[in-house]
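Asks: Below is one structure. I have some questions about it.
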Amino acid sequence: MSRKPPEHDVDESELVVSKPKAWAAGLPGVAVSLKRSVEQMGVGRTVRSLKVLNQHDGVDCPGCAWPEARGHRKLAEFCENGAKAIAEEATRRRVDREFFARHGIAELAEKSDYWLGQQGRITEPMVLRRGETHYSPISWHGAFGLIAEQLNGLASPDEAIFYTSGRTSNEAAFLYQLFCRSYGTNNLPDCSNMCHESSGAALKETIGIGKGSVSLEDVESADLLIVVGQNPGTNHPRMLSSLEVAKKRGARIVAVNPLPEAGLLRFKNPQNVSGLVGRGTALSDEFCQIKLGGDLAFFQALGHLVLAAEEAAPGTVLDHAFIDAHTHDFAAYAKQVRELDWDAVDAATGVPREQIAKVSRMLIDSERTIICWAMGLTQHKHSVPTIREIVNVLLLRGMIGKPGAGVCPVRGHSNVQGDRTMGIWEKMPEEFMSALEKEFSISVPRKHGYDTVDSLRAMRDGRASVFFAMGGNFVSATPDTKLTERALSSCALTVNVSTKLNRSHVVPGEVSLVLPTLGRTERDVQQSGEQFVSVEDSMSVVHSSRGRNAPASEHLISEVAIVARLARAVLGSAHPIPWEDFESDYDRVRDRIERVIPGFANYNERVRDKDGFVLPHPPRDSREFRTTTGKANFTANTFEAPHIPEGRLLLQTLRSHDQFNTTIYGLDDRYRGVKDARRVVFVNPNDLVDLGIADGALVDLVSEWAGDEDRTAERFRVVSYPTARGCAAAYFPEANALVPLDSTAEISNTPTSKSIVIRLVPRN
Numbered sequence: 001m002s003r004k005p006p007e008h009d010v011d012e013s014e015l016v017v018s019k020p021k022a023w024a025a026g027l028p029g030v031a032v033s034l035k036r037s038v039e040q041m042g043v044g045r046t047v048r049s050l051k052v053l054n055q056h057d058g059v060d061c062p063g064c065a066w067p068e069a070r071g072h073r074k075l076a077e078f079c080e081n082g083a084k085a086i087a088e089e090a091t092r093r094r095v096d097r098e099f100f101a102r103h104g105i106a107e108l109a110e111k112s113d114y115w116l117g118q119q120g121r122i123t124e125p126m127v128l129r130r131g132e133t134h135y136s137p138i139s140w141h142g143a144f145g146l147i148a149e150q151l152n153g154l155a156s157p158d159e160a161i162f163y164t165s166g167r168t169s170n171e172a173a174f175l176y177q178l179f180c181r182s183y184g185t186n187n188l189p190d191c192s193n194m195c196h197e198s199s200g201a202a203l204k205e206t207i208g209i210g211k212g213s214v215s216l217e218d219v220e221s222a223d224l225l226i227v228v229g230q231n232p233g234t235n236h237p238r239m240l241s242s243l244e245v246a247k248k249r250g251a252r253i254v255a256v257n258p259l260p261e262a263g264l265l266r267f268k269n270p271q272n273v274s275g276l277v278g279r280g281t282a283l284s285d286e287f288c289q290i291k292l293g294g295d296l297a298f299f300q301a302l303g304h305l306v307l308a309a310e311e312a313a314p315g316t317v318l319d320h321a322f323i324d325a326h327t328h329d330f331a332a333y334a335k336q337v338r339e340l341d342w343d344a345v346d347a348a349t350g351v352p353r354e355q356i357a358k359v360s361r362m363l364i365d366s367e368r369t370i371i372c373w374a375m376g377l378t379q380h381k382h383s384v385p386t387i388r389e390i391v392n393v394l395l396l397r398g399m400i401g402k403p404g405a406g407v408c409p410v411r412g413h414s415n416v417q418g419d420r421t422m423g424i425w426e427k428m429p430e431e432f433m434s435a436l437e438k439e440f441s442i443s444v445p446r447k448h449g450y451d452t453v454d455s456l457r458a459m460r461d462g463r464a465s466v467f468f469a470m471g472g473n474f475v476s477a478t479p480d481t482k483l484t485e486r487a488l489s490s491c492a493l494t495v496n497v498s499t500k501l502n503r504s505h506v507v508p509g510e511v512s513l514v515l516p517t518l519g520r521t522e523r524d525v526q527q528s529g530e531q532f533v534s535v536e537d538s539m540s541v542v543h544s545s546r547g548r549n550a551p552a553s554e555h556l557i558s559e560v561a562i563v564a565r566l567a568r569a570v571l572g573s574a575h576p577i578p579w580e581d582f583e584s585d586y587d588r589v590r591d592r593i594e595r596v597i598p599g600f601a602n603y604n605e606r607v608r609d610k611d612g613f614v615l616p617h618p619p620r621d622s623r624e625f626r627t628t629t630g631k632a633n634f635t636a637n638t639f640e641a642p643h644i645p646e647g648r649l650l651l652q653t654l655r656s657h658d659q660f661n662t663t664i665y666g667l668d669d670r671y672r673g674v675k676d677a678r679r680v681v682f683v684n685p686n687d688l689v690d691l692g693i694a695d696g697a698l699v700d701l702v703s704e705w706a707g708d709e710d711r712t713a714e715r716f717r718v719v720s721y722p723t724a725r726g727c728a729a730a731y732f733p734e735a736n737a738l739v740p741l742d743s744t745a746e747i748s749n750t751p752t753s754k755s756i757v758i759r760l761v762p763r764n
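Quick note: the sequence shown, position 367, residue 367 per full-length UniProt numbering, numbers continuous.
Listed below in structure tokens is the structure:
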């Protein structure tokens, strides 16, 4: 029997904190995986679901985008959080019409994200009509008719916003953007806007493609791996297995992060006996405990030292042949970093100079270097210049376009990269738009649409009145929570395509629809037979995913079917795109993708290969850089780091170990020693002394930004923790309320969720 979901939210007044862990996974990871799976699914369903997870012809994990091994795969090719993700989707708990009859919208709005998510799978379409207090059932035909009436009544298609989460399949994403552009708008914000948009912007400018350049084989054969602003032990646990392989082959690993993270200290691989009962594998050779936002200074310092080493021994350090043949503007970059202000580096990074020098020597000695990063780098005002500096350092040694070397942005959702490849972007290039028009005999708009931040501004200002979300939890994922809620509530219609209940469902517009869809673990049978979908992982590998479980309800339809039926309702039967054909046979969708998007030749044939296929990546494949200069671009970036006023701290939002993105699996953060709590703020003990605040005190977090009004997140417990001086950390979505909507990264417009100036205000 599965355990009943929680009836009440947890009282965090009696917070229990233990010493942070110095290692990740091991037996506790196995035990938690099995416990949560059995609670949600039962024993039989647990066995059936987990044995096909990330296997050939099985189910691609709906969690992170870390790739699977090509060729032989382990019996248990998943991590603890992957098991939790499957348990949440394949749960036996149900949110049916009786549930909505018992719980009105006012009551549900008072529940926590954890409570909402634990109630189970939504079983049929539901509508909250104007003036009503409870969601009630609606037919699929009625739901699509309601949406069509609203969309076709707008003065302009640009008054509608179509959001996408990173778990949508390639096939659904392609049809979704095709529908939106056929309707007449490029308003296609997605979760990339809030996480790796800075990576794409920096990489597109410097190497000509906004994707990482390495493979799993590269990671495991590297001499040096620098892991920056990333916590793989929680966010991408299977990455630890690859780091362990690299380590055992002789690689050195450098962790650069404000917090010590258990997974980068020592890994007890649960696939091995030594990982279950032994000490496991020590991973990081160096832990550079950097201040938040100090990474640009750190990489400029590394570049400075590499250049100094070349000047001391000419011809022995830099890859001059690569620089001369394949790069542009080396001289401007070199001039910039030679004039480095080391006192400013000290203040920005907090990393001892001798440790930076040690890392620079590792770079010089390494013949194969990979630099990995995640949102610790991408959510600052100066994120794009920071990632440019990473590219600069790699270019000095010719570390792009060779085995075992390159850039590795680690994206956090299973198909967030595939969605962008399929056209989910508010400003797709002209060649993509022209290909759509040629293939489908339609006209598509060229005016750039709204990204996530601009979508919120448009709803806030009354320039958009319909919000449609294909997956995700928009309210909990976005910044400035109160503003987000006001913006959505002002809409005439909000629509959420979901598998489970979440915060966005309880922040309705005047009319709100909840459309339940098949999960990735469930069988998808259409007119032509059983279907599969495909996804692209963070290393550009496209492969299939096929659900095996019976659907949670007879009323569920797939995302592909939802888009196809929506398009027919809105665009009419005379529209030239064969939506019914696409719904009946996903091979027909892939046939069209092949003709529109480069790299997908013989899509249907190649995606049926057990390992899928790898998309082209010109810098990796042939050192071809499709930039404005035709070469990889060195960039000279102005030195920048956050300023922390006296008596204030710089806050980053992060995940606990019991969550993935906005999905809260539980209330424990095992590796950081927190049990049964989420409203906590981690602060260096010396900072607490300076601020006169006791460990365990109850405080309000107040953010300050650019003279704007203060934002407050109430009732957080202070946890003394060995984070960098002057820095603090708290979980999202609880701390998202502190992130101002207009505080964004330059160029990428990504919210600055890793650099929020706050003060701690003790509560009486």
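Even for Gly, the Cβ is constructed at its ideal location relative to N, Cα and C. No experiment lies behind these values; they were computed from the predicted model shown.
Going by DSSP, which residues form a beta bridge with K500?
Replies: Answer is R121.
Asks: Select from V535, I371, H413 and Q336 the residue whose C-alpha is nearest the C-alpha of M399.
Replies: For the residues V535, I371, H413 and Q336, the minimum Cα distance to M399 belongs to I371.
Asks: Suppose the cutoff is 7 Å on Cβ atoms and the five residues either side in sequence are ignored; what does the same chain contact list for S425 look like?
Replies: Reading the sequence as shown, one finds Trp at residue 425 and not Ser. Only L188 meet the Cβ criterion.
Asks: Tell me the rounded alpha-carbon separation between L727 and V680.
Replies: The displayed chain sequence assigns Cys, not Leu, to residue 727. About 14 Å.
Asks: Where do the ends of the alpha helix (DSSP H) carrying S33 lie?
Replies: Its alpha helix (DSSP H) spans residues L27 to M41.
Asks: Pull up the distance between the alpha-carbon of I577 and that of F440, whole angstroms please.
Replies: Taking the straight line from one Cα to the other gives about 6 Å.
Asks: Taking one C-beta from the segment 151 to 164 and one from the segment 183 to 198 each time, how about it: are there three or more such pairs within less than 8 Å?
Replies: They touch, by the three-pair rule.
Asks: Hey, would you say D545 sits closer than 9 Å to V59, going by beta carbons?
Replies: First, the amino acid is wrong: residue 545 is Ser here, not Asp. Against a cut-off of 9 Å, the Cβ pair of V59 and S545 comes out as a contact.
Asks: My assumption, with CB atoms under 8 Å, is that A469 sits in contact with S504. Please give the rounded CB distance.
Replies: That pair is a contact at about 7 Å.
Asks: Quick check for students: name the residue ranges of the alpha helix (DSSP H) that lie wholly in the segment 160 to 244, counting only runs of 4 or more.
Replies: Runs of the alpha helix (DSSP H) inside the segment 160 to 244: 170 to 183, 197 to 207, 216 to 221 and 232 to 235.
Asks: Can you round the beta-carbon distance between G376 and V466 to whole angstroms, since I take them to be within the 8 Å contact cut?
Replies: Not really, about 35 Å apart at Cβ, beyond 8 Å.
Asks: Alpha carbons only, please: which of V393, R460, F732 and A246 is nearest the one belonging to E485?
Replies: Out of V393, R460, F732 and A246, R460 has the C-alpha closest to the C-alpha of E485.
Asks: Taking the alpha helix (DSSP H) that G142 falls in, what are its first and last residues?
Replies: Per DSSP, G142 belongs to the alpha helix (DSSP H) from W140 to N152.
Asks: Contact check, P385 vs G184 under 8 Å by CB: the rounded distance?
Replies: Incorrect: roughly 36 Å between the Cβ atoms, too far for contact.
Asks: Assuming L203 and I209 form a contact by the criterion Cβ under 8 Å, report the distance between their Cβ atoms to the nearest whole angstrom.
Replies: At roughly 6 Å, the Cβ-Cβ gap stays under 8 Å, so L203 and I209 are in contact.
Asks: Is the separation between the beta-carbon of R670 and that of K21 shorter than 9 Å?
Replies: Yes; because the gap between Cβ atoms is below 9 Å, this pair is in contact.
Asks: Count the other CB atoms, across all protein chains shown, that sit within 10 Å of the CB of A574; report buried if there are 16 or more and exposed otherwise.
Replies: When all chains shown are included, A574 counts as exposed.
Asks: Of the choices P125, R463 and Y114, whose alpha-carbon is the least far from that of E98?
Replies: Ranking P125, R463 and Y114 by Cα distance to E98 puts P125 first.
Asks: Which residues bound the beta strand (DSSP E) around A729?
Replies: Run containing A729: C727 to Y731, per the beta strand (DSSP E) assignment.
Asks: Taking the DSSP output, what are the residues bridged to I758?
Replies: Paired residues: L649 and S703.
Asks: Helix, strand or coil for F634? Go by DSSP, reduced to three states.
Replies: Here F634 sits in coil by DSSP.
Asks: Please report the straight-line C-alpha distance between M1 and R92, rounded to a whole angstrom.
Replies: Unreliable positioning characterises M1 in this predicted model, as indicated by a pLDDT of 29, which lies under 50. A coordinate reading is not provided.
Asks: Is it buried or exposed, H617, if we count other Cβ atoms within 10 angstroms and call 16 or more buried?
Replies: Buried: at least 16 other Cβ atoms inside 10 Å.
Asks: So, P733 versus S476, is the Cβ gap smaller than 9 Å?
Replies: Yes, the pair counts as a contact, with Cβ atoms nearer than the cut-off.
Asks: What would DSSP say about I387, mapped onto helix, strand or coil?
Replies: In the structure shown, I387 sits in a helix (DSSP, three-state: H, G or I).
Asks: Cutting at 7 Å between CB atoms, please list the residues of its own chain near A601, excluding the five before and the five after it.
Replies: For A601, where only same-chain residues beyond five positions count, the Cβ hits under 7 Å are E594.
Asks: Going by DSSP in three states, residue 770 sits in which element: helix, strand or coil?
Replies: The displayed coordinates of the chain run from 1 to 764. Any statement about residue 770 would go beyond what the structure contains.
Asks: Going by DSSP, what residues sit across from E536 in a beta bridge?
Replies: Answer is V542, bridged to E536.
Asks: Measuring only the C-alpha atoms, how far is P645 from F613?
Replies: P645 and F613: Cα-Cα distance of roughly 51 Å.
Asks: Which word fits K754, buried or exposed, when buried means at least 16 other C-beta atoms lie within 10 angstroms of its C-beta?
Replies: Classification for K754: buried.
Asks: M470 bridges to which residues according to DSSP?
Replies: Paired residues: T164 and V497.
Asks: Run through the segment 238 to 298 for me and flag every whole beta strand (DSSP E) of 3 or more residues, listed as ranges in chain order.
Replies: Entirely contained in the segment 238 to 298, the beta strand (DSSP E) runs reaching 3 residues are, in chain order, 252 to 257, 266 to 268 and 286 to 289.
Asks: Given L108, which residues of its chain have a CB within under 6 Å of its CB, disregarding the five upstream and five downstream residues?
Replies: So the list reads V506, once near-sequence residues are dropped.
Asks: Taking the alpha helix (DSSP H) that A83 belongs to, which residues open and close that run?
Replies: Run containing A83: E80 to E89, per the alpha helix (DSSP H) assignment.
Asks: Tell me, which residues are paired with N549 by DSSP?
Replies: According to DSSP, which records beta bridges pairwise, N549 is partnered with E522.
Asks: Taking just the CA atoms, how far does Q55 sit from T369?
Replies: If you take the alpha carbons of T369 and Q55, they lie about 30 Å apart.
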